[in-house]
Amino acid sequence: MIWTIDAPEYDETGGVRMEWEAGFSILVQNHGPEILIQANRAGLISLARILLTLAGTTTPAGAHVHLTGGQEIDTDLGLVVDRLED
């Protein structure tokens with residue numbers, strides 16, 4: 001199976017645009033030396049879209065997203081994903 005996921009381009013003025021699949025659910029938990037990310041199908045597709053946007057050729061190092069606990073994340077622990085320099 002080959003997947004095709006449309007990801008928005010990085011916007012220099014607005015940053016990373018997050019587009020969510022309907023019914024998404026994402027959980028983040030801290031298990032000592034490991035961080036556990038759990039998501040339903042819609043949540044995984046949404047995360048994939050965010051990661052593809054961050055990986056885009058026009059996205060600069062330092063671009064990042066904050067997924068806030070209790071908002072985009074269904075647990076209290078938030079998640080930050082940051083683009084490093086290539």
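Per full-length UniProt numbering, the sequence shown runs over residues 1 to 86. Every residue, glycine too, gets a C-beta built ideally from N, C-alpha and C.
- Between G56 and T68, the C-beta gap is not smaller than 8 angstroms, which leaves the two residues out of contact.
- In this structure, I26 lies near A39, with their beta-carbon atoms less than 8 angstroms apart.
- When beta bridges are read from the DSSP output, Q38 appears opposite L27.
- A63 is positioned such that its CB atom lies no closer than 8 angstroms to that of E85.
- Residue environment for I5: exposed (fewer than 16 other C-beta atoms within 10 angstroms of its C-beta).
- Secondary structure of G14 (DSSP, three-state): coil.
- Nearest C-alpha to E21 among G14, A7, H31, T13: A7.
- By the neighbour-count definition (other C-beta atoms within 10 Å, threshold 16), T58 is an exposed residue.
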